[in-house]
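Novice: Read top to bottom, the protein sequences are chains A and B. As numbered in the working numbering, residues 1 to 299 make up the first sequence, in order. As numbered in the working numbering, residues 300 to 590 make up the second sequence, in order.
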Amino acid sequence: MALIDVARRPSKRGPLGAGGAGWILSLPALLAVAGLLILPIGQAVYYSMTNWNGQTATWIGPRAYLNLFEDPTFLRVLENNGLLLLAMPFAIIVPLAIAFLLHEEIWGWKFFRSVVFIPTAISWVIIGLVAAQFYAVKGILNGMLASVGLGFIKTDMLGSTNQAIFAIAITLIWSQLGTNTIIFITGLAALDPTLAEAGRVDGASSFRIYRKIIIPQMMRFIQFAFVITVLTAFTAIFSLIFVMTGGGPNYGSTTLEFYVYQQAFNQGDFGTGALLGVLLFVLVATVSIIQIRLLRVKT
Amino acid sequence: MTTTLSERPSSNHDDDVAEVHQRRIRPARVILFLIMAGVAVVMLYPFFYMIDNSLKTQAQYDGSRHGFSLSSWHLLFSSEPILRELLNSLIVSSGAVLCVVVVSTAAGFALAKIRFRFRTLVFLAIVSCMFVPLPSIIIPEFINVAKLGLLQTYWGAIIVYAALGLPFSIFLMTTYFRGIPDELIEAASVDGVPFTKMWWTLGIPLARPAIFTVAVLQFIQIWNDLLVGLLFLENTDDRTVTVGLALLSSGRVASVPVLMAGAVMSVIPPIVVYILFQKYLVRGITMGMGK
Numbered sequence: 001m002a003l004i005d006v007a008r009r010p011s012k013r014g015p016l017g018a019g020g021a022g023w024i025l026s027l028p029a030l031l032a033v034a035g036l037l038i039l040p041i042g043q044a045v046y047y048s049m050t051n052w053n054g055q056t057a058t059w060i061g062p063r064a065y066l067n068l069f070e071d072p073t074f075l076r077v078l079e080n081n082g083l084l085l086l087a088m089p090f091a092i093i094v095p096l097a098i099a100f101l102l103h104e105e106i107w108g109w110k111f112f113r114s115v116v117f118i119p120t121a122i123s124w125v126i127i128g129l130v131a132a133q134f135y136a137v138k139g140i141l142n143g144m145l146a147s148v149g150l151g152f153i154k155t156d157m158l159g160s161t162n163q164a165i166f167a168i169a170i171t172l173i174w175s176q177l178g179t180n181t182i183i184f185i186t187g188l189a190a191l192d193p194t195l196a197e198a199g200r201v202d203g204a205s206s207f208r209i210y211r212k213i214i215i216p217q218m219m220r221f222i223q224f225a226f227v228i229t230v231l232t233a234f235t236a237i238f239s240l241i242f243v244m245t246g247g248g249p250n251y252g253s254t255t256l257e258f259y260v261y262q263q264a265f266n267q268g269d270f271g272t273g274a275l276l277g278v279l280l281f282v283l284v285a286t287v288s289i290i291q292i293r294l295l296r297v298k299t
Numbered sequence: 300m301t302t303t304l305s306e307r308p309s310s311n312h313d314d315d316v317a318e319v320h321q322r323r324i325r326p327a328r329v330i331l332f333l334i335m336a337g338v339a340v341v342m343l344y345p346f347f348y349m350i351d352n353s354l355k356t357q358a359q360y361d362g363s364r365h366g367f368s369l370s371s372w373h374l375l376f377s378s379e380p381i382l383r384e385l386l387n388s389l390i391v392s393s394g395a396v397l398c399v400v401v402v403s404t405a406a407g408f409a410l411a412k413i414r415f416r417f418r419t420l421v422f423l424a425i426v427s428c429m430f431v432p433l434p435s436i437i438i439p440e441f442i443n444v445a446k447l448g449l450l451q452t453y454w455g456a457i458i459v460y461a462a463l464g465l466p467f468s469i470f471l472m473t474t475y476f477r478g479i480p481d482e483l484i485e486a487a488s489v490d491g492v493p494f495t496k497m498w499w500t501l502g503i504p505l506a507r508p509a510i511f512t513v514a515v516l517q518f519i520q521i522w523n524d525l526l527v528g529l530l531f532l533e534n535t536d537d538r539t540v541t542v543g544l545a546l547l548s549s550g551r552v553a554s555v556p557v558l559m560a561g562a563v564m565s566v567i568p569p570i571v572v573y574i575l576f577q578k579y580l581v582r583g584i585t586m587g588m589g590k
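1. Mapping DSSP to helix, strand and coil, what is A:Thr-186?
2. In the DSSP assignment, find the alpha helix (DSSP H) that holds A:Trp-109 and state where it starts and stops.
3. Should A:Asn-266 go down as buried or exposed, given a rule of 16 or more other Cβ atoms within 10 Å for buried?
4. Compute the Euclidean distance between the alpha carbons of A:Met-244 and A:Ala-131, then round it to the nearest angstrom.
5. Mark A:Met-144 as exposed unless 16 or more other C-beta atoms lie within 10 angstroms of its C-beta, in which case mark it buried.
6. Which ranges does the beta strand (DSSP E) cover as unbroken runs of at least 3 residues, wholly within the stretch 179-257 of chain A, from first to last along the chain?
7. For B:Ser-377, count neighbouring Cβ atoms within 10 angstroms of its own Cβ and tell me buried if that reaches 16, exposed if not.
8. Quick check: the stretch 387-406 of chain B against the stretch 493-503 of chain B, are there 3 or more CB pairs under 8 Å?
9. Beta-carbon of B:Val-391 versus every beta-carbon of chain D: anything under 8 Å?
10. What residue range does the beta strand (DSSP E) around A:Trp-52 cover?
11. With a CB to CB cut of under 6 Å and the five nearest residues on each side skipped, what residues in its chain are close to B:Ser-368?
12. Just checking my contact of B:Gly-379 with B:Gly-543 at CB under 8 Å: how many whole Å lie between their CB atoms?
13. Could you tell me if B:Pro-434 is buried or exposed, where buried requires 16 or more neighbouring beta carbons within 10 angstroms of its beta carbon?
14. Pull up the distance between the alpha-carbon of B:Arg-307 and that of A:Leu-101, whole angstroms please.
15. Give a yes or no on whether the C-beta atoms belonging to B:Ala-562 and A:Ile-140 are separated by under 8 Å.
16. Output the distance between the C-alpha atoms of A:Gly-246 and A:Phe-166, rounded to the nearest integer angstrom.
17. In chain order, which continuous runs of the alpha helix (DSSP H) of length 4 or greater are located wholly inside the stretch 421-463 of chain B?
18. Answer with yes or no whether the minimum CB distance from A:Leu-25 to chain B is below 8 Å.
19. Taking the continuous beta strand (DSSP E) assigned at A:Thr-58, which residues delimit it?
20. Could you run through the stretch 121-133 of chain A and flag, in chain order, every residue whose CB is less than 9 Å away from some CB of chain B?
21. Could you tell me the boundaries of the alpha helix (DSSP H) in which A:Asn-162 lies?
22. With a 10 Å radius around its C-beta and 16 neighbouring C-beta atoms as the bar for buried, classify A:Thr-58 as buried or exposed.
23. May I ask you to verify whether the stretch 459-475 of chain B touches the stretch 79-90 of chain A, counting CB pairs closer than 8 Å and requiring at least 3?
24. Between which two residues does the alpha helix (DSSP H) holding B:Ile-381 run?
25. Count the other CB atoms within 10 Å of the CB of A:Asp-133; is the residue buried (16 or more) or exposed (fewer)?
26. Using only the alpha-carbon positions, how far apart do B:Leu-580 and A:Met-218 sit?
27. Chain B partners of A:Leu-30, CB-CB under 8 Å?
28. Of all the residues that make up the stretch 534-552 of chain B, which are near chain A by a beta-carbon distance shorter than 7 Å?
29. By how many angstroms is the C-alpha of A:Phe-258 removed from the C-alpha of A:Ser-48?
30. Considering just the uninterrupted stretch of the alpha helix (DSSP H) at B:Trp-522, what are its terminal residues?
31. Is there a Cβ of chain A sitting closer than 8 Å to that of B:Gln-321, yes or no?
32. If you follow the alpha helix (DSSP H) that A:Asn-67 is part of, which residue opens it and which one closes it?
33. Hey, how far is the Cα of B:Gln-321 from the Cα of A:Ile-215?
34. For A:Trp-59, which residues in chain B fall below 7 Å Cβ to Cβ?
35. With C-beta atoms as the reference, is A:Ala-146 less than 8 Å away from A:Phe-184?
36. From B:Gln-359 to B:His-365, what does the alpha carbon distance come to, in whole angstroms?
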C-alpha cells in the first residue's frame, strides 16, 4: 500500500508534522484501550493470585490456580461450558441449510432473510424472558406437548440441575441463527459459480453439488461461524443465563463467564472472580489463535 | 431437492433443458418454501407471544379469563419507571456511540493514512484487544471506575461501553480508510490542510458508510447489554431498560403480562434501527471475516 510520504514536501505539512498528527489522532483511542482494556487485564492477572475482597488483597501466588481445580463447583462449571459445545453442530448446520434455501432464491426469500436476521438486533435479556416462558412448567413447551396429546410428559428443564444447561443451549441455537445465516449467505455469494455450474453440466445431483463442491468452498466461513458461536457461548450469554436460570439450579447452568460474576458480586470473592476471568481469557485467546492459524494455512 | 434426471441435459437444446428444469422443480420449490415458512414462524413466534401476552391481564394470562386488555400496559407505565429507563438507555447508548465514532474515525484515519513511528504496533495493540472478553476484565474495571468516583453515573457506563466497542470499530475504520485512494489526501495535503484537521473535514465525510456500520452495531450492542449496566448503573434512576427488565424478571413477583409489555417497549428502538439500517448491520457482522 502506498503511503503518503510527507518528507517529500516539508513546507506543505501541517503545523505538527504528519508524525505528530498520527499520534495526536490515535492518542484518544490508545489511551482508552490502554486504560480500560489492557490495564484491567494486567490487574486481573495480579489479583487472580491474591485473596481479594475488593478492598484489601493478600498474596497467594500461582497456587491459587491449583486450588481452584479442587473445587467441585468449578469442575461442574467447566463441564457446563463443555455441554454448551453440544449446541455447535446445530448452530452451524441449521443456518447453513437456511442459507442454502435463501441462496436458491425461493419465493419470498428477501422477506425470510429479514426475518431470520431479526435476533441479531434483540437483547439476550428479551430472548431469555420469552425463553423462560417457553420452558416454564405452565409454559409454551408443555402447552404444545399437551395439545398433541403428550400432556403426560411434563417438562421442567429450567428447574432441573441436569437439564437447565440444555435449555440455555437450545436458546443459544435460536439466537445464533441470524448471525450464522448472514455469514453463510455472504459466503455463498462469494463462491465461484462456474464450479457448481460445471458439476450441473456433468450431471451431478444438487445434493452432490452441495456436498462435493459448495461445502468444501464454504469451509472458511463454517470455521468462522463456529469460532464466533463458541466465543458467544463462552463470553456473551451472561444476560441469557441471568434471566433464564440465574445460574441454577445448584450451579447446573453456571458457565465460566457467569461464575466470574457470582464469585465477585454475589460472594464478594474478587480474587477468585479475577482468576476465573483470566482462565476465560486464556481459553478465548487459544480458540482465536487456533482460528487465525487455520485460516492462514488455508489461504 | 431437484432430481438427478431433470438436471441431466439429454441434448444441447438449452431451452428444452430449462423447460424440464422449471417443470420438475416446482413441487420441490413449494416444499422448500414451506420449510422456510416454518422457520419464519419459529423466528417470529416470540414477538407474537410478547405482544399477545402484553395485551392480557394476569387473570387472562393464567387462563381463567379470555379476552384482551390494556391494563398491563397501564400497570407498566404506572408502576415501573419505564420511560425513565428508556431515556437512560438512549443517553448511555448515544453517548457511547458518539465517543466510539469520534475516536475510531480519528484513529482509523491516522492508522490507515498517516505514516508515523510505531504505527503498526499501535494498530496491533488496539485491534488485538478485540479478543478481550468482558467478563475477564469486569472486576478490575468495576473497582477502577469506583475509585474514579464514576459508579452510578452515565459517564462511567459510557466510557466502559466506548472502550469495549473501540477495538472492532477501529479495525473496521482502518480497513475502510485503507480503501480510499491516497490521492484525495495528498491533494488536501498539498493545499496545506493539516492532518489533524483533514480527519474532520475530509475523513468523516468520506467514511460515512463505515460510520453508519459502527454506529448501528454499537447502538444495538449497548442498548442490549446487561452486565455493564447492572454493575455501573445500579440506581433505579440511572438504570437502562435492559437492566430494569432483567431485574423485574428476577424479582419473580412480576406479572408476566407487564414484563412482556416492557419487553415490547424495549425492543422497539433496536428493531427500528435494524429495519432502517439492516444493510449496515449485515456489513458489520461480515466485516469480521475480511482477511
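By construction, the Cβ of each residue, glycine as well, lies at the ideal position given by its N, Cα and C atoms. Treat the numbers as computed from the prediction; the structure is a model and nothing was measured.
Specialist: Considering the structure as presented:
1. helix
2. 109-117
3. exposed
4. 7 Å
5. exposed
6. none
7. exposed
8. yes
9. Within the model displayed, chain D is absent; protein chains A and B are what it includes.
10. 50-52
11. Thr-356
12. Position check: residue 379 of chain B holds Glu in this sequence, whereas Gly was assumed. Sure, about 7 Å apart at Cβ, within 8 Å.
13. buried
14. A caution first: B:Arg-307 carries a pLDDT of 41, below 50, which makes its placement in the model unreliable, though a value can still be read off. B:Arg-307 and A:Leu-101: Cα-Cα distance of roughly 22 Å.
15. no
16. 14 Å
17. 433-446
18. yes
19. 57-59
20. Ala-121, Ile-122, Ser-123, Trp-124, Val-125, Ile-126, Ile-127, Gly-128, Leu-129, Val-130, Ala-131, Ala-132, Gln-133
21. Taken as a continuous stretch (DSSP letters only), A:Asn-162 belongs to no alpha helix (DSSP H), as it is neither H nor E.
22. exposed
23. no
24. 381-412
25. The residue you asked about is not Asp; residue 133 of chain A is Gln in the sequence shown. So A:Gln-133 counts as buried.
26. 22 Å
27. Ala-406, Val-421, Ala-424, Ile-425
28. Thr-541, Leu-544, Ala-545, Ser-548, Ser-549
29. 16 Å
30. 507-523
31. Its pLDDT being 49, under 50, B:Gln-321 is placed unreliably by the model, and nothing is read from it.
32. 63-68
33. For B:Gln-321, the predicted structure reports a pLDDT of 49, less than 50, and the residue's modelled location is therefore unreliable. The matter cannot be settled from this model.
34. In chain order: nothing, as chain B lies at least about 17 Å away.
35. no
36. 5 Å
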